[in-house]
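Using our numbering, the first residue of the sequence shown is number 117, and each one after it goes up by one.
Data first, discussion second: the structure below is written as structure tokens.
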Amino acid sequence: MTAASKETLGFKTEVKQLLHLMIHSLYSNKEIFLRELISNASDACDKLRFEALQNDGLYEGDSELAVHIDFDKDAGTLTIEDNGIGMNRDDVVNHLGTIAKSGTAEFLSKLSGDQKKDSQLIGQFGVGFYSAFIVADKVTVETRRAGEAADAAVRWESAGEGDFTLESIEKAKRGTRITLHLKKDDVEFADSFRLRSLIKKYSDHIAVPVFLPQETSTDDADGEAKKIPEAVNQAKALWTRSKSDISDEDYKEFYKHVSHDWNEPLLWMHNKVEGKLDYTSLLYIPAKAPFDIWNREATRGLKLYVQRVFIMDDAEQFLPLYLRFVKGVLDSNDLSLNVSREILQQDKQVESLRSALVKRVLDSLEKLAKNEPEKYQTFWNEFGDVLKEGPAEDFSNREKIAALFRFATTKSEGEAQSVGLEDYVARMREGQKKIYYITGENYAAVASSPHLEYFRSKGVEVLLLTDRVDEWMVGHLTEFNGKLFQDVTKGELDLDDLADSAEKEQQQALAETHKDLVERVQKALESEVKTVRVTSRLTDSPACLVVGQYDMGGHMRRLLEAAGQQVPEPESTLEINPAHPLIERLDKEQDENRFAELAALIYAQAQLAEGSQLKEPAQYVARLNKLLLDLLQ
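Structure (structure tokens):
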């Protein structure tokens, strides 16, 4: 090859940013580069094994898949080589010149410049190959895709700055060889003992053998020591081993391999099932939500194996979208080796496997919530909003999912979401028939809502729902343990299970006594509200706004409007508290113009109390100023 055949290309912008951040943020955890590169090499072997099911000629006479690591301390180099699927020129440009991962721009926007925080985020993103530049000032990749000619191989080289070079080379063996030209401060990784310990620590679970040269005694003929490759790891897929033979550290390291997350998992479930279904699953729940958890189009799912043969990454058919945070491996003996994503959508076995895995996850979360509530709270803080999608997506499990929900309530300490629905139902007031809730933009807004006054006076607990998904979620859940959900801001308050007969009679008497006042307020606000009535839900506030039982709540309406959607104006009801001094003063007002002004002020206050924006805030301020001036005269 001549120098003229070498081509220089620029990295995509996001790769430049990521390389800079990695080199400067991950210096305290350098050794993870080896785990990432061995993991990639193992994946390449898995992919060759799968493609060779249809074309065993891809093995090219060598079906013993392995990863070989070598080093030269004098030259300061470290080499990781596999005989897996390899890459052609297009693969190299696509995989090593850009980050083929959805949400890259969003990820980069979240980086703050704080090295400690950024290193954790980079770990969640999963940068794989690029971790080589943590310890190397130059990286050379030589690769040939299985089944292609020897002269179709490619050499990629870069110093991890602005560009990389590509040139065609000859490579007799398929697969990929990565040579790291180590930085002066990182030659420690060109050492047999150091490499051996790291392979055992991070890659013992890799299903292909990882070889490291072992020096033998001096040979009599030439006086030089011989290097013989020796397998360092167990080279047996971790999920196929007995649970009693696997340590917690093994499980944690395998999680990092399958998820490319550098944090330790929160929980794992390892199960082998034989009978009607024959499969092994090893599922993990992360400790931290990935940066793209809300991107429903992001790749997700389990690593799928059939009879220990790797089939595909991100098999999303085995878990519903509301469990998209679950990572891990499924190894089935019931599926066909030539299964594809299209076939998975039609295979009856898939639905059975999916049901079994969902039950496993939900049961494990239920056990965690019961036995380790503080640890479960960590899970809830990270993934609670995602789990709330469950009742709409998984009707058959909606009650089981709902039992895992945690909420702040009028009886909880602050805004901590720590009350489960089972606890709420267990301490309901005698005779209480409904689960009461209120939705709003934040804890402070809902906790101070006038709609809660009556419930507090009666000692009735109300759920305080402040997540964007909550009103939508309750719309699909509708009931729990036979108790219907009731939004305290909707419909006329039913006193049947909250008040005694004397209180009901008193409420009816108040409505009758203040019939004229209600009609006057109705006339003054006829362009603003559908109707006016005497309230049964207020004890301290003068008025509040209520929408119909089946109308969209104010919080959901504001969310949709903020998203640019057209939402019809609700037909609101203004409920007035005749025992409040302001309403008493309003009732005594004889001047109808002044009455209308005061009624409009009270209506505007009710709007503000529920979190709505005033249509004409300047008019409200003018009315309020006029009232204050009148009082000061």
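Glycine is no exception: its CB is placed at the ideal position from the N, C-alpha and C atoms.
None of these values were measured; they are calculated from a predicted model.
Q. Apart from the five residues on each side of it in sequence, which residues of its chain come closer than 6 Å, Cβ to Cβ, to methionine 428?
A. Non-local beta-carbon contacts of methionine 428 in its own chain, meaning distances under 6 Å to residues more than five positions away in sequence, involve Leu420 in chain order.
Q) What whole-angstrom Cβ distance do aspartate 178 and phenylalanine 426 have, given they're in contact under 8 Å? A) That belief does not hold up - the Cβ atoms of aspartate 178 and phenylalanine 426 are roughly 18 Å apart, past 8 Å.
**Q.** Cβ shell of aspartate 186 (< 7 Å), same chain only, five flanking positions each side left out
**A.** Annotation for aspartate 186: Thr195 and Pro329 place their beta carbon closer than 7 Å to its own, counting only its chain and skipping 5 residues before and after.
Q. Just the Cα atoms here: how many angstroms apart are glutamine 623 and leucine 633?
A. 15 Å
(Q) Would you call the segment 377–388 in contact with the segment 311–328, where contact means no fewer than 3 C-beta pairs closer than 8 Å? (A) no
Q) Is the number of C-beta pairs between the segment 462–480 and the segment 362–378 that are closer than 8 Å three or more? A) no
Q. In the DSSP assignment, what residue or residues form a beta bridge with proline 345?
A. Pro329
Q. Does the distance from the C-beta atom of proline 436 to that of aspartate 510 stay below 7 Å?
A. The beta carbons of proline 436 and aspartate 510 sit closer together than 7 Å.
Q.
Looking only at its chain, what residues have a beta carbon closer than 8 Å to the beta carbon of asparagine 349, apart from the 5 residues adjacent to it on each side?
A. Ile315, Lys316, Ser319, Asp320, His321, Ile322, Pro325 and Val326
Q: Check whether the segment 390–401 touches the segment 447–455, counting contact only when three or more Cβ pairs, one atom from each stretch, lie closer than 8 Å.
A: yes
Q: Report the option in Arg165, Gly506, Phe571 and Thr193 whose CA atom is closest to the CA atom of threonine 655.
A: Phe571
(Q) So if DSSP puts lysine 443 in a beta bridge, which residue, or which two residues, is it bridged to? (A) Tyr400
Q: Would you identify the three-state DSSP class for tyrosine 371, choosing helix, strand or coil?
A: helix
**Q.** Sequence-distant residues of the same chain with beta carbon closer than 8 Å to isoleucine 517, five excluded per side
**A.** Tyr438, Leu478, Leu503, Gly506, Pro507 and Asp510
Q) Skipping 5 residues on each side, what residues in its chain have a beta carbon closer than 8 Å to that of glutamate 569? A) Only residues of its own chain outside the window of five on either side were considered, and among them Arg653, Leu654, Thr655, Asp656 and Ser657 have a CB closer than 8 Å to the CB of glutamate 569, listed in chain order.
Q. Helix, strand or coil for serine 750 per DSSP?
A. Absent from the model: residue 750. The displayed extent of the chain is 117 to 749, so no value can be given.
**Q.** Proximity below 7 Å, CB of histidine 184 to CB of alanine 252
**A.** no
Q) Buried or exposed: where does leucine 410 fall if 16 or more other Cβ atoms within 10 Å of its Cβ makes it buried? A) According to the sequence as given, residue 410 is tryptophan; it is not leucine. Classification of tryptophan 410: exposed, given that the 10 Å Cβ count is below 16.
(Q) Below 8 Å on the Cβ atoms is my contact criterion, and I expect lysine 359 with proline 402 to pass it. Report the Cβ-Cβ distance as a whole number of Å. (A) The Cβ separation is near 21 Å, so there is no contact.
Q) Applying the criterion that 16 or more other CB atoms from any shown protein chain within 10 Å of the CB defines a buried residue, is alanine 560 buried or exposed? A) exposed
Q | Inter-residue spacing [alpha-carbon to alpha-carbon] between lysine 599 and threonine 582 | A | 21 Å
Q | Euclidean distance between Cα positions of phenylalanine 434 and arginine 416 | A | Phenylalanine 434 and arginine 416: Cα-Cα distance of roughly 10 Å.
Q.
If I follow the unbroken beta strand (DSSP E) through glycine 111, where does it start and stop?
A. Residue 111 cannot be examined here, being either before or after the span of the chain that is shown, 117 to 749.
Q.
Let's see if you can read the secondary structure: which residues bound the beta strand (DSSP E) around arginine 514?
A. Careful: arginine 514 lies outside any beta strand (DSSP E), inside the alpha helix (DSSP H) at 514–518.
Q | Within the segment 562–596, ranges of the beta strand (DSSP E) (whole runs, at least 3 residues) | A | The DSSP assignment places 578–581 as complete runs of the beta strand (DSSP E) inside the segment 562–596, in order along the chain (cut-off: 3 residues).
(Q) I'd like to check one pair, glutamate 273 with threonine 256: are the Cβ atoms closer than 7 Å? (A) Yes. Within cutoff.
Q. Are there 16 or more other CB atoms within 10 angstroms of the CB of valine 562, so buried, or fewer, so exposed?
A. buried
Q: Please list, in chain order, all residues of the same chain as aspartate 586 whose beta carbon is under 6 Å from its beta carbon, the five residues on each side excluded.
A: The residues are Thr555.
Q.
Please report the straight-line C-alpha distance between threonine 220 and histidine 567, rounded to a whole angstrom.
A. Any reading at threonine 220 is ruled out, since the residue's pLDDT is 48, under 50, leaving its predicted position unreliable.
Q.
So for tryptophan 410, helix, strand or coil by DSSP?
A. coil
Q.
Could you compute how far the alpha carbon of histidine 211 sits from the alpha carbon of aspartate 307?
A. 29 Å
Q: For glutamine 681, count neighbouring Cβ atoms within 10 angstroms of its own Cβ and tell me buried if that reaches 16, exposed if not.
A: exposed
Q. Taking aspartate 603 as the reference, which of Ser528, Glu304 and Leu661 has the closest Cα?
A. For the set Ser528, Glu304 and Leu661, the Cα lying nearest the Cα of aspartate 603 is the one of Leu661.
Q. Taking the Cβ atom as the reference point for each residue, do alanine 262 and leucine 174 lie within a distance shorter than 7 Å?
A. Yes, they are a contact pair.
(Q) Is it buried or exposed, asparagine 199, if we count other Cβ atoms within 10 angstroms and call 16 or more buried? (A) buried
Q. Under a Cβ-count criterion, where at least 16 other Cβ atoms within 10 Å of its own Cβ denotes burial, should lysine 122 be classed as buried or exposed?
A. exposed
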